[in-house]
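Trainee: This is the structure, below, for whatever I ask next.
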Amino acid sequence: IRAAAGSLDSDNTLSPEDRHANTQAIEREVEYLNALVANLLDMSRIEAGALRVERDLYDLDDLLTQPLERVRRRLGGRRLEVDLQPAVVRVDAVFVDSAVTNVLDNAIKYTPEDAPIRITAAPLDAAMIRLTIEDGGPGVAPEVLPCLFEKFYRAPGARGGSRGGLGIGLAVVRGLIEATGGRVTARHSGLGGLAMDFDLPMVAEDYIHRAGLTGRAGFPGRAISLVSPSDRAMLRDIQRLLPAIGGRIVR
Numbered sequence: 287i288r289a290a291a292g293s294l295d296s297d298n299t300l301s302p303e304d305r306h307a308n309t310q311a312i313e314r315e316v317e318y319l320n321a322l323v324a325n326l327l328d329m330s331r332i333e334a335g336a337l338r339v340e341r342d343l344y345d346l347d348d349l350l351t352q353p354l355e356r357v358r359r360r361l362g363g364r365r366l367e368v369d370l371q372p373a374v375v376r377v378d379a380v381f382v383d384s385a386v387t388n389v390l391d392n393a394i395k396y397t398p399e400d401a402p403i404r405i406t407a408a409p410l411d412a413a414m415i416r417l418t419i420e421d422g423g424p425g426v427a428p429e430v431l432p433c434l435f436e437k438f439y440r441a442p443g444a445r446g447g448s449r450g451g452l453g454i455g456l457a458v459v460r461g462l463i464e465a466t467g468g469r470v471t472a473r474h475s476g477l478g479g480l481a482m483d484f485d486l487p488m489v490a491e492d493y494i495h496r497a498g499l500t501g502r503a504g505f506p507g508r509a510i511s512l513v514s515p516s517d518r519a520m521l522r523d524i525q526r527l528l529p530a531i532g533g534r535i536v537r
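In my numbering, the protein residues as written are 287 to 537.
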């Protein structure tokens with residue numbers, strides 16, 4: 287960063303193309319350092335038991351909007367394939383955003399320019415939905431898979447890259463996802479690289495039927511005629527969930 291910034295300040299012979307390249311190099315390094323500091327802070331909070339979890343109800347599509355926008359700016363020639371089944375999840379949005387961003391960063395880092403990155407989501411059972419991020423990179427050896435989420439673990443040369451990390455990114459991912467009530471596992475992908483499975487708590491369809499909710503998440507519509515004021519928990523969930531699935535309360 288110092289070298290690139292110094293050349294912009296003192297070297298008047300640089301062409302516009304070289305100045306642009308130096309500016310991009312600075313931006314990349316700043317993004318890397320920001321992510322590194324965020325991971326270190328998250329890791330310290332996880333180990334100290336100091337995470338403040340704030341679960342709420344979110345439409346999965348909306349939850350992934352910002353991570354996907356960030357990754358699209360850095361895809362290069364990689365193909366991004368997204369296929370998400372509609373769902374409403376009960377999670378900490380900041381934790382899920384950070385975990386998904388970490389995994390997408392790894393996918394870009396280790397996936398060749400012409401390879402795909404695929405993001406899918408489908409219900410695992412009545413209470414969980416599985417969000418999968420997989421890539422067409424080189425993958426890792428089978429014996430490495432159980433070690434990927436250990437702090438400071440780095441696969442020995444299995445997934446290349448121009449810059450080595452500290453080996454804490456996936457440890458942070460596991461800590462954040464578990465804190466929000468989910469789980470994360472790694473396996474080999476049919477694309478050739480790694481697949482990361484995030485199992486996230488989902489609002490069950492039968493609960494939405496009982497609550498009288500309607501919307502675009504695949505549930506048949508009907509109106510709410512009465513909500514018992516004594517059931518405050520259900521009323522609170524209705525107020526949070528309705529906007530996520532395209533509904534509203536009429537008083």
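Quick reminder that beta carbons are idealized off the backbone N, C-alpha and C, glycines included. What you are looking at is a predicted structure, and each value in this text was computed from that prediction instead of being measured.
Could you spell out where the beta strand (DSSP E) holding Phe435 opens and where it closes?
Mentor: Careful: Phe435 lies outside any beta strand (DSSP E) and carries neither H nor E.
Trainee: With a floor of 3 residues, list each beta strand (DSSP E) that falls wholly inside the region 393-436, ordered by position along the chain.
Mentor: 402-409 and 414-421
Trainee: Hey, Arg364 and Pro402: beta-carbon distance below 8 Å or not?
Mentor: yes
Trainee: Kindly indicate which three-state DSSP category Leu366 falls into: helix, strand or coil?
Mentor: The answer is strand: DSSP assigns Leu366 an E or B state.
Trainee: Label Val357 either buried or exposed according to how many other C-beta atoms from any shown protein chain fall within 10 Å of its C-beta, with 16 as the threshold for buried.
Mentor: buried
Trainee: Along the chain, where does the beta strand (DSSP E) containing Leu480 start, and where does it finish?
Mentor: Leu480 to Pro487
Trainee: What is the C-beta distance between Asp421 and Gly479, in whole angstroms, given that I count them as a contact (C-beta under 8 Å)?
Mentor: 4 Å
Trainee: Give the secondary structure of Leu343 by DSSP, where H, G and I count as helix, E and B as strand, and everything else as coil.
Mentor: Three-state DSSP puts Leu343 in a strand.
Trainee: Note the first and the last residue of the continuous beta strand (DSSP E) segment covering Thr466.
Mentor: Looking at the DSSP string, Thr466 is not in any beta strand (DSSP E), and its letter there is neither H nor E.
Trainee: Straight-line CA distance for Arg360 to Ile394?
Mentor: 8 Å
Trainee: Please classify Ala472: does DSSP put it in a helix, a strand, or coil?
Mentor: strand
Trainee: Going by CA-CA distance only, name the one from Gly467, Pro302 and Asp485 that's closest to Asp411.
Mentor: For Asp411, the nearest C-alpha among the options comes from Asp485.
Trainee: Could you have a look at Arg360 and say whether DSSP puts it in helix, strand or coil?
Mentor: Arg360: coil per DSSP, three-state reduction.
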